[in-house]
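Asker:
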Amino acid sequence: MSDTHFGFKTVDEQNKARMVRGVFDSVAARYDLMNDLMSGGMHRLWKAYTLAVSGVREGHQVLDIAGGTGDLSRAFARKVGRSGCVVHTDINEAMLSRGRDRLVDEGLSLPTVLCDAEKLPFPEARFDIVSVAFGLRNMTHKDAALAEMCRVLKPGGKLMVLEFSKVAAPLEKVYDWYSFSVLPRLGRMVAGDAESYRYLAESIRMHPGQAELKAMMKTAGFGHVDVHNLTGGVVALHVGLKC
Numbered sequence: 001m002s003d004t005h006f007g008f009k010t011v012d013e014q015n016k017a018r019m020v021r022g023v024f025d026s027v028a029a030r031y032d033l034m035n036d037l038m039s040g041g042m043h044r045l046w047k048a049y050t051l052a053v054s055g056v057r058e059g060h061q062v063l064d065i066a067g068g069t070g071d072l073s074r075a076f077a078r079k080v081g082r083s084g085c086v087v088h089t090d091i092n093e094a095m096l097s098r099g100r101d102r103l104v105d106e107g108l109s110l111p112t113v114l115c116d117a118e119k120l121p122f123p124e125a126r127f128d129i130v131s132v133a134f135g136l137r138n139m140t141h142k143d144a145a146l147a148e149m150c151r152v153l154k155p156g157g158k159l160m161v162l163e164f165s166k167v168a169a170p171l172e173k174v175y176d177w178y179s180f181s182v183l184p185r186l187g188r189m190v191a192g193d194a195e196s197y198r199y200l201a202e203s204i205r206m207h208p209g210q211a212e213l214k215a216m217m218k219t220a221g222f223g224h225v226d227v228h229n230l231t232g233g234v235v236a237l238h239v240g241l242k243c
């Protein structure tokens, strides 16, 4: 057996997926509201930037991994048109169901697949764009997941990884105070769950920083990787090109 991290805790890697599932089962009902509150609405701008940088256009085939409540899936679907396709996926059934219901309520019927990013059930070279927003840090074997994302991309395709990252040094103290003092309290008041949001803060600190993630993506098979720091490095968008 091998160990991995769950926030700051060390756990058996076979248990991490179950523990992460528990976090998202707990927060699914208030996930969108909490995103708006804890980011001050900035998550909408980060996702809009991801969409713009992706270069998505009509007819494209898009895979949205850890698509959750469907923000990016919805935005991509409006760009690819009827000749394109967006596949909305997540490993967590509660999040995926909530996202599917939101999409249907808005008149969008997208393929919705419950799947593990480390073992994607799609053929090689299937998609023009693969996106994963705020999901990579929760994966047990990030290297395996990145390799799978590369596998299912067409040559010349793009991987868009939008994730919390290493904040700029002048912001570290205030960011730590917000993450470990304010965020759990907000989670308790709004979602009735302080521990899940404490895990969120811890998982961000354990996630690879900008340079390390860029190196991981190159090892996974991406010939070129650009890094876009957003909001002082609170979030970074990594764009990998499959050459």
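Going by the UniProt record's numbering, the residue at position 71 of the sequence shown is 71; the numbering climbs one at a time, nothing skipped. Cβ atoms here follow ideal geometry from the backbone N, Cα and C, with glycine treated the same way. Owing to the predicted nature of the structure, the values given are computational and were not obtained by experimental measurement.
(1) What distance in whole Å lies between the Cβ atoms of VAL53 and VAL239, which are believed to be in contact at a cut-off of 8 Å?
(2) Which whole-angstrom value describes the C-beta separation of ALA66 and ASP90, a residue pair presumed to lie in contact below a C-beta threshold of 8 Å?
(3) Hey, PHE164 and VAL62: beta-carbon distance below 8 Å or not?
(4) Short of 8 Å in beta carbon distance, which residues of its chain neighbour LEU186, apart from the five on each side in sequence? Order them along the chain.
(5) On the three-state DSSP scale, how would you describe PHE76?
(6) Any idea which residues DSSP pairs PHE6 with across the strands?
(7) Excluding the 5 residues flanking GLU13 on each side, which residues of the same chain have their C-beta closer than 7 Å to its C-beta?
(8) Please name the residue in THR231, GLU212, SER97 and PRO208 whose C-alpha comes closest to that of GLY68.
(9) Are the beta-carbon atoms of LEU237 and HIS228 separated by less than 8 Å?
(10) Going by Cα to Cα distance, which pick from PHE24, GLY84 and GLY59 is closest to ALA94?
(11) Going by CA-CA distance only, name the one from LYS158, ARG74 and LEU114 that's closest to GLY221.
(12) What residues in its chain sit with their C-beta under 7 Å from that of ALA168, if we drop five residues either side in the sequence?
(13) So what's ASP176 in DSSP terms, helix, strand or just coil?
(14) Can you list the beta strand (DSSP E) stretches of 3 or more residues lying completely in the segment 121-161, in chain order?
(15) Compare the beta carbon distance of LEU213 and THR50 with 8 Å and say whether it is the shorter of the two.
Answerer: To lay it out plainly:
(1) 6 Å
(2) Confirmed, about 6 Å.
(3) Contact: no.
(4) MET34, LEU37, MET38 and TYR197
(5) In the three-state DSSP reduction, PHE76 falls in the helix class (H, G or I).
(6) Assignment of beta-bridge partners to PHE6 by DSSP yields LYS9.
(7) SER2, ASP3, THR4 and THR140
(8) The candidate whose alpha carbon is nearest that of GLY68 is SER97.
(9) yes
(10) PHE24
(11) Minimum Cα distance to GLY221 is reached at LYS158.
(12) GLY232 and GLY233
(13) helix
(14) Within the segment 121-161, the complete beta strand (DSSP E) runs of at least 3 residues are 127-133.
(15) Cβ atoms of LEU213 and THR50: not closer than 8 Å.
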